[in-house]
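**Student:** For the record, in the sequence shown the residue sitting at position 86 is 92 according to this note's numbering, with numbers rising by one throughout.
Glycine included, each C-beta is placed from N, C-alpha and C at the ideal position.
All values reported here derive from a predicted model rather than from experimental measurement.
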Amino acid sequence: MRVIAGEWRGRKLVAPPGELTRPTADRTRETLFSMLASRLGSFEDLGVLDLFAGSGALGLEALSRGAATCTFIEQEASAVKAIRANIDALGARNRTVVQQSSVMTLGPAKKAHDLILLDPPYATGAGQVALDRMIRLGWIDAATWIALETGAKEDVEVKLLRVDADRKVGKAKLTLLRLDA
Numbered sequence: 007m008r009v010i011a012g013e014w015r016g017r018k019l020v021a022p023p024g025e026l027t028r029p030t031a032d033r034t035r036e037t038l039f040s041m042l043a044s045r046l047g048s049f050e051d052l053g054v055l056d057l058f059a060g061s062g063a064l065g066l067e068a069l070s071r072g073a074a075t076c077t078f079i080e081q082e083a084s085a086v087k088a089i090r091a092n093i094d095a096l097g098a099r100n101r102t103v104v105q106q107s108s109v110m111t112l113g114p115a116k117k118a119h120d121l122i123l124l125d126p127p128y129a130t131g132a133g134q135v136a137l138d139r140m141i142r143l144g145w146i147d148a149a150t151w152i153a154l155e156t157g158a159k160e161d162v163e164v165k166l167l168r169v170d171a172d173r174k175v176g177k178a179k180l181t182l183l184r185l186d187a
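1. Where do the ends of the beta strand (DSSP E) carrying Val-104 lie?
2. Is the beta carbon of Arg-217 less than 8 Å from the beta carbon of Thr-37?
3. Following the continuous beta strand (DSSP E) through Ala-178, name the residue where it begins and the one where it ends.
4. In angstroms, rounded to a whole number, what distance separates the CA positions of Arg-139 and Lys-165?
5. Taking DSSP as the reference, what is the three-state secondary structure of Phe-39?
6. Give me, in chain order, the residues of the same chain whose beta-carbon lies closer than 6 Å to that of Ala-149; leave out the 5 immediate sequence neighbours on both sides.
7. In whole angstroms, what is the alpha-carbon distance linking Thr-111 and Leu-123?
8. Measuring straight from C-alpha to C-alpha, what distance separates Phe-78 and Thr-102?
9. Once DSSP output is grouped into helix, strand and coil, what is the label at Thr-150?
10. When you compare only the Cα positions, how much space is there between Ser-44 and Ala-85?
11. Rounded to the nearest angstrom, what separates Thr-75 and Lys-159 at their Cα positions?
12. Helix, strand or coil for Thr-111? Go by DSSP, reduced to three states.
13. Can you tell me where the beta strand (DSSP E) holding Asp-120 begins and where it ends?
14. Measuring alpha carbon to alpha carbon, tell me which of Pro-23, Val-109, Lys-117, Leu-143 ends up nearest Gly-131.
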């Protein structure tokens, strides 16, 4: 696993040991960030939230491309250790917050984020449940872009969100969502 583009292009990332996490493949990450770049134009100065963060590869990719900050939320201790190791290896501690907790325990947001990246376990519906909760708690507003990775055969439907785009990449499906106007 490596950073695809930006300031840290080509730098290797560590993944948590064991089978508790499923890191997003480089090809899938490359497709996702291409989809986002065509809509956002730039990642400069974005506030990013990486949920079900695993190794932190998605949030670190956004930081490498110019995002101002990233908050990583992950409940597994071995994954949190990998995220912190990756942050330290890239010298990104001053632009990151790592929180070891379940996405389902998030409280009300201080402000909405610009970009939310979710890579929950496949076939659990956890991403959709988390998004529903985050809408109610103010983590998402009209300017927020949401990227959800699911299994290729999963349908994504969240009240108040519309699908902007989706694309299958191998066993994964990438879905970009926005608040319904």
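**Tutor:** Taking the coordinates as given:
1. The count along the sequence shown starts at 1 and reaches residue 104 at position 98. Taken as a continuous stretch (DSSP letters only), the beta strand (DSSP E) holding Val-104 covers 102–106.
2. Here the chain has residues from 7 to 187 only, and residue 217 is not among them.
3. Taking the first residue of the sequence shown as position 1, residue 178 is located at position 172. Looking at the DSSP string, the run of the beta strand (DSSP E) that includes Ala-178 is 178–185.
4. The count along the sequence shown starts at 1 and reaches residue 139 at position 133. The count along the sequence shown starts at 1 and reaches residue 165 at position 159. Going from the Cα of Arg-139 to the Cα of Lys-165 covers about 11 Å.
5. Working through the sequence shown from its first residue, we reach residue 39 at position 33. The three-state reading of DSSP puts Phe-39 in helix, counting H, G and I together.
6. Within the sequence shown, the letter at position 143 stands for residue 149. Excluding residues up to 5 positions away in sequence, nothing lies with its Cβ nearer than 6 Å to the Cβ of Ala-149 in the same chain.
7. Start at 1 with the first residue of the sequence shown, and residue 111 comes out as number 105. Start at 1 with the first residue of the sequence shown, and residue 123 comes out as number 117. Rounded to whole angstroms, Thr-111 to Leu-123 spans 17 Å at the Cα level.
8. As a working note, residue 78 is residue 72 in the sequence shown. As a working note, residue 102 is residue 96 in the sequence shown. Linking Phe-78 to Thr-102 through their CA atoms gives a straight-line distance of about 8 Å.
9. Position 144 of the sequence shown, counting from 1, holds the residue named residue 150. Three-state DSSP puts Thr-150 in coil, outside helix and strand.
10. On the sequence shown, residue 44 is found 38 positions in, with the first residue counted as 1. On the sequence shown, residue 85 is found 79 positions in, with the first residue counted as 1. Cα to Cα, Ser-44 sits roughly 30 Å from Ala-85.
11. Stepping through the sequence shown from its first residue, residue 75 is reached at position 69. Stepping through the sequence shown from its first residue, residue 159 is reached at position 153. If you draw a straight line from the Cα of Thr-75 to the Cα of Lys-159, it is about 32 Å long.
12. Residue numbering aside, residue 111 sits at position 105 when the sequence shown is read from its first letter. Here DSSP, grouped into helix, strand and coil, assigns Thr-111 to helix.
13. Translated into the one-based positions of the sequence shown, residue 120 becomes position 114. Per DSSP, Asp-120 belongs to no beta strand (DSSP E) and is neither H nor E.
14. What you label residue 131 is simply residue 125 of the sequence shown in a count that begins at 1. Of the candidates Pro-23, Val-109, Lys-117, Leu-143, the one whose C-alpha sits nearest the C-alpha of Gly-131 is Val-109.
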